[in-house]
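There are 2 protein chains.
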Amino acid sequence: MKNLLFHEIHQKSRLSIKEVNEALKEFDLYSAQWSILFCLKQFGPMTQKGIWQYMNVEAPTVTRTLVRMEQSGWIVRKEGSDKRERIVQLSEHAEQVVPQIEKRIAELEERMLAALTDEEQQQLIRLIKKIGMEDNKEEDVAND
Amino acid sequence: MKNLLFHEIHQKSRLSIKEVNEALKEFDLYSAQWSILFCLKQFGPMTQKGIWQYMNVEAPTVTRTLVRMEQSGWIVRKEGSDKRERIVQLSEHAEQVVPQIEKRIAELEERMLAALTDEEQQQLIRLIKKIGMEDNKEEDVAND
DNA sequence: ACCATATACTTACTTAGGTAAATAAATTCG
DNA sequence: CGAATTTATTTACCTAAGTAAGTATATGGT
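As you go down the protein sequences, you meet chains L and V in turn. One point on numbering: in the working numbering, the residue at position 2 of the first sequence is 2, and numbering is uninterrupted. One gets the working numbering by counting positions in the second sequence from 1 and adding 144 to each.
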């Protein structure tokens, strides 16, 4: 029975990525790339480590995505004072377009969550956050 | 704010896959492969279409995974009466080992859901199922 | 019976994620 | 100071998922 839960999460994850990719098509962008743009918009220039830590993925994943985004002109990477690290920031083009994308994605999310009340959405986030391994202490659960 | 929800789903999806892969290592198996084994164990021999429809993925995804599983001896594919379709079933080896894997995965899931009561788990499934596009009618929500 | 269409699967190519190992810069310690 | 260790990023190789287009078998309409 519990299989159902992970099965369901896995499916909704794929579904949302698929829908986001569809919405991003007109901007020539992919979901993981958008996640990074969104992150940079929120926090300003940051190191690659900052990005993969926030996104909770491994370093190579971010490297690859950033290479593609640099090639397509969404981001710029420059050397930090610590020469090991590279500081990532939005390109001018990205700065201009990100608000439009944000709007488009917000509409999509609203459509996909239309069947849930605001209360249910909050409940859902609260419960999902509880999933995990032992390191799921109060601090993680408390920050809502 | 709503970004948080998809962000969270995406992360838990990755996390659960990562943990499942870790648990499956000793069986030389990957999460998507296990999903198919589980499916075949539940329903018995079925066509590839049956598998990708149940799993809610595209046909090529299943083709690829089955090719690997056939090579490593987990499944067998034979021609159906309709010569276009291929009927997939567990190998003898798989029949023997699947129960052990099932047990291992069940333990893992229990650990990952330890912070949620049974009631919360049911609630969580109910809410997740509500996520989707327009085709989210009563039938989908009612079947719990 | 034949041609057009539909269906089941496969192939080729793309993004996205992971691990392991390599590289290069910083830091620590004797 | 110099060698050893740690840290940030990259490279190489794996699974997983998607789309688009190709192949082969069934099916339907005239």
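Ideal placement from N, C-alpha and C gives every residue a C-beta, glycine not left out. Small disclaimer: the values here were computed from a predicted structure and weren't measured.
query: Stretch-stretch touch, CB-based, cutoff 8 Å, three pairs: the segment 29-41 of chain L with the segment 62-71 of chain L; result: yes
query: Local conformation of residue 90 of chain L per DSSP, three classes; result: strand
query: Proximity of residue 45 of chain L and residue 89 of chain L at Cβ, strictly below 8 Å; result: yes
query: CB contact flag (residue 152 of chain V, residue 128 of chain L, <8 Å); result: yes
query: Residue range of the unbroken beta strand (DSSP E) whose run includes residue 84 of chain L; result: Where residue 84 of chain L is concerned, there is no enclosing beta strand (DSSP E), given that its DSSP letter is neither H nor E.
query: Residue 256 of chain V burial status per 10 Å Cβ neighbour count (16 or more: buried); result: buried
query: Exposure of residue 133 of chain L, with buried meaning 16 or more beta-carbon neighbours within 10 Å; result: exposed
query: Integer Cβ distance of residue 157 of chain V from residue 13 of chain L, believed to fall under 8 Å; result: 4 Å
query: Alpha-carbon to alpha-carbon, residue 242 of chain V and residue 182 of chain V; result: 8 Å
query: Cross-chain neighbours of residue 112 of chain L in chain V, by beta carbon under 7 Å; result: 275, 276 and 277
query: Contacting residues, own chain, Cβ-Cβ under 6 Å from residue 290 of chain V (five flanking each side not counted); result: As shown, chain V starts at 145 and ends at 288. That puts residue 290 of chain V outside it, with no answer to give.
query: In chain order, each beta strand (DSSP E) run of at least 3 residues that lies wholly inside the segment 151-236 of chain V; result: 219-223 and 230-234
query: Residues within the segment 88-102 of chain L neighbouring chain V, beta-carbon criterion of under 7 Å; result: none
query: Neighbour flag for residue 6 of chain L against chain V, beta carbons, 8 Å; result: yes
query: Rounded separation between residue 235 of chain V and residue 218 of chain V - CA only; result: 5 Å
query: Amino acids of chain L, ordered along the chain, whose beta-carbon sits closer than 9 Å to that of residue 156 of chain V; result: 6, 9, 13, 128, 129, 131 and 132
query: Chain L residues whose Cβ lies nearer than 8 Å to that of residue 160 of chain V; result: 6, 9, 10 and 131
query: Cutoff 7 Å; reference residue 195 of chain V; Cβ partners in own chain excluding five residues on either side; result: 180, 183, 206 and 232
query: Cα-Cα separation between residue 145 of chain L and residue 59 of chain L, rounded to whole angstroms; result: The structure shown does not extend to residue 145 of chain L, since chain L spans only 1 to 144, so no value can be given for it.
query: Boundaries (first-last residue) of the alpha helix (DSSP H) holding residue 128 of chain L; result: 118-130
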